[in-house]
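S.K.: Here it is, the structure in full.
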Amino acid sequence: MVAFRGYGEGRRAFASCVAVPRTYAVSAATDHGIGNAQEVGGAHAQVTRRRALSPAVEHYLQAIYALTAERKVLIGARLAEHLRVSAPSVTQTLHRLERDGYVILIDRGDRKEIQLTPTGHEIGEASTRKHRLIETWLVRDLKLSTTEAHEAAERLEAGFDELLLSRLFEALGQPLACPHGNPIPGWGVIDHDGGYLDRVLAGDRVVIGRITEEAEADLDLLTYLERNGIFPGVNLEIMAVDRRSGAVTARSERGTEIRIEGRSAALIYVRSIA
1 MVAFRGYGEG RRAFASCVAV PRTYAVSAAT DHGIGNAQEV GGAHAQVTRR
51 RALSPAVEHY LQAIYALTAE RKVLIGARLA EHLRVSAPSV TQTLHRLERD
101 GYVILIDRGD RKEIQLTPTG HEIGEASTRK HRLIETWLVR DLKLSTTEAH
151 EAAERLEAGF DELLLSRLFE ALGQPLACPH GNPIPGWGVI DHDGGYLDRV
201 LAGDRVVIGR ITEEAEADLD LLTYLERNGI FPGVNLEIMA VDRRSGAVTA
251 RSERGTEIRI EGRSAALIYV RSIA
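With the working numbering applied, the sequence shown covers 1 to 274.
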């Protein structure tokens, strides 16, 4: 679900963060491999090189931003699965992102946790905002399905600058969330008071809060949910839970029964209904 800010506050928040530059100055890497990244144009920026952000870098930072927003520990294997790329490719890219000051890789023994630096967070947030606004436009005005919109938004992102985004935001009536229920950064914020569908019990009644970015990346799952009318705001009655597989059988408010496998249920955020 999305928690709401006041109209004026949300509008100011969006205006203050929508214009994110695509070129950053990054100071020389330290002995630890992390540079001091600062926005170009700062009066006191310590600059040794200037890098224009590539679409690939933005795509990675967008994915890391979205996955870490769910408050789950992010490691390379999970990121590779989400991006549908090989683990070695992700490892190589993460080392470059660390070198350039966009991420920090924290040693957790047998794995490394991925976290964004302030600069990486800013870029990932801006890229996510762009993606979700475009998705909203494609579904609301062009009547694409949510599955079609997710794919099309990824192709269109490079063509939208900050001016177009701000005009689109106003034209859409300043939306709080994308069609999948994920908040648009700068206005909507994630409500963590609920839980994931894989935690429900038989007899529970819940409302769909959001279809997470991980679920969106699985186009077969997204199509299945859409075909069965599973969208944010839809109420579900939990009919059965298979504790061995984690699969959830639920009935929607329109009477449709649907079975969602355990791994997929873990990607759908819900809230209890009294």
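The C-beta atom is built at its ideal place from N, Cα and C for all residues, glycine as well. These figures come from a predicted structure and were not determined experimentally.
Which stretch, first to last residue, makes up the alpha helix (DSSP H) that contains TYR65?
M.R.: As a working mapping, residue 65 is identified with position 65 in the sequence shown. It spans 55-68 - the alpha helix (DSSP H) in which TYR65 sits, taken as one unbroken run.
S.K.: Whole angstroms are fine: how far does the CA of ILE211 sit from the CA of ILE230?
M.R.: As a first step, residue 230 must be located in the sequence shown, where it is residue number 230. As a first step, residue 211 must be located in the sequence shown, where it is residue number 211. ILE230 and ILE211: Cα-Cα distance of roughly 9 Å.
S.K.: Do GLU226 and PRO147 come within 8 Å of each other at the CB atom, strictly closer than that value?
M.R.: Sequence index remark: in the sequence shown, residue 147 carries index 147 (1-based). Sequence index remark: in the sequence shown, residue 226 carries index 226 (1-based). In the sequence on display, residue 147 carries Thr and not Pro. It is a contact, given that the beta carbons lie within the stated cut-off.
S.K.: Of all the options HIS150, ARG167, VAL90 and GLU113, which has the alpha carbon lying nearest to the alpha carbon of ARG71?
M.R.: For the purposes of this step, residue 71 is identified with residue 71 of the sequence shown, where counting begins at 1. Among HIS150, ARG167, VAL90 and GLU113, the Cα nearest to that of ARG71 is on GLU113.
S.K.: Which partner residues does LYS130 have in the DSSP bridge list?
M.R.: Walking along the sequence shown from the start, residue 130 turns up at place 130. DSSP output for LYS130 lists no bridge partner at all.
S.K.: Helix, strand or coil for SER272, going by three-state DSSP, please let me know.
M.R.: Locating residue 272 in the sequence shown gives position 272, where the first residue counts as 1. SER272 falls in the strand class under three-state DSSP.
S.K.: Using only CA atoms, which one of LEU164, VAL241 and THR68 lies nearest to HIS262?
M.R.: In the sequence shown, the residue the question calls residue 262 occupies position 262. Note on residue identity: the sequence assigns Gly, not His, to residue 262. Looking at the Cα atoms, VAL241 is the closest of the given residues.
S.K.: At the level of alpha carbons, what is the spacing between ILE273 and VAL206?
M.R.: Translated into positions along the sequence shown, residue 273 becomes position 273. Translated into positions along the sequence shown, residue 206 becomes position 206. Straight-line Cα distance between these residues: approximately 5 Å.
S.K.: Between the alpha carbons of ALA126 and ASP107, how many angstroms are there, rounded?
M.R.: As a first step, residue 126 is located in the sequence shown; it is residue number 126 there, counting from the start. As a first step, residue 107 is located in the sequence shown; it is residue number 107 there, counting from the start. Those two C-alpha atoms are separated by around 27 Å.
S.K.: Give me the Cα-Cα distance between ILE64 and ALA149, rounded to the nearest whole angstrom.
M.R.: Your numbering for residue 64 matches position 64 in the sequence shown. Your numbering for residue 149 matches position 149 in the sequence shown. Spanning the two alpha carbons is a distance of roughly 20 Å.
S.K.: When burial is assigned at 16 or more other CB atoms within 10 Å of the CB, is LEU142 buried or exposed?
M.R.: Translated into positions along the sequence shown, residue 142 becomes position 142. Result: exposed.
S.K.: Tell me the DSSP secondary structure of SER252 in three-state form.
M.R.: On the sequence shown, position 252 is the one that residue 252 refers to. Reduced to three states, the DSSP call for SER252 is strand.
S.K.: I'd like the ranges of any alpha helix (DSSP H) spanning at least 4 consecutive residues and lying wholly in the region 72-107.
M.R.: Fully enclosed alpha helix (DSSP H) runs of 4 or longer: 76-83 and 87-99.
S.K.: Indicate the three-state DSSP secondary structure (helix, strand or coil) for ALA177 in the structure shown.
M.R.: Here residue 177 refers to the residue found at position 177 when the sequence shown is read from its first residue. If DSSP states are grouped into helix, strand and coil, ALA177 belongs with the strands.
S.K.: Could you please give the first and the last residue of the uninterrupted beta strand (DSSP E) stretch that includes ASP159?
M.R.: Locating residue 159 in the sequence shown gives position 159, where the first residue counts as 1. According to the sequence as given, residue 159 is Gly; it is not Asp. Looking at the DSSP string, GLY159 is not in any beta strand (DSSP E), and its letter there is neither H nor E.
S.K.: Just list the alpha helix (DSSP H) runs in the region 192-271, keeping only unbroken ones of 4 residues or longer that don't cross its boundaries, in chain order.
M.R.: Fully enclosed alpha helix (DSSP H) runs of 4 or longer: 213-217, 219-227 and 262-265.
S.K.: Of the residues GLY120, LEU116 and ASP218, which one's Cα is nearest the Cα of GLU81?
M.R.: Your numbering for residue 81 matches position 81 in the sequence shown. Residue ASP218 is the option with its Cα nearest to GLU81.
S.K.: Where does the unbroken beta strand (DSSP E) through ILE114 begin, and where does it stop?
M.R.: For the purposes of this step, residue 114 is taken as the residue at position 114 of the sequence shown. Start and end: 112-116.
S.K.: With a CB to CB cut of under 6 Å and the five nearest residues on each side skipped, what residues in its chain are close to ALA361?
M.R.: Given that the chain is displayed from residue 1 to residue 274, the structure contains no residue 361 and the question cannot be resolved.
S.K.: Hey, out of LEU105, ILE268 and PHE160, whose CA is closest to LEU79's CA?
M.R.: On the sequence shown, residue 79 is found 79 positions in, with the first residue counted as 1. The residue with the shortest Cα to Cα distance from LEU79 is LEU105.
S.K.: Whose C-beta lies closer than 7 Å to the C-beta of SER145 among residues of the same chain, with five residues either side of it excluded?
M.R.: As a working note, residue 145 is residue 145 in the sequence shown. These residues qualify, in order along the chain: GLU226.
S.K.: Give me the DSSP bridge partner(s) of PRO295.
M.R.: This structure cannot speak to residue 295, because the chain is shown only from 1 to 274.
S.K.: If we call anything under 8 Å between Cβ atoms a contact, is LEU168 one with LEU221?
M.R.: Sequence index remark: in the sequence shown, residue 168 carries index 168 (1-based). Sequence index remark: in the sequence shown, residue 221 carries index 221 (1-based). The answer is no: Cβ separation not under 8 Å.
S.K.: Among GLY246, VAL234 and ILE238, which one has its Cα closest to the Cα of GLU253?
M.R.: On the sequence shown, residue 253 is found 253 positions in, with the first residue counted as 1. Minimum Cα distance to GLU253 is reached at VAL234.
S.K.: So what's LEU144 in DSSP terms, helix, strand or just coil?
M.R.: Position 144 of the sequence shown, counting from 1, holds the residue named residue 144. Three-state DSSP puts LEU144 in coil, outside helix and strand.
S.K.: Report the three-state DSSP secondary structure of GLY120 (helix, strand or coil).
M.R.: For the purposes of this step, residue 120 is identified with residue 120 of the sequence shown, where counting begins at 1. Reduced to three states, the DSSP call for GLY120 is helix.
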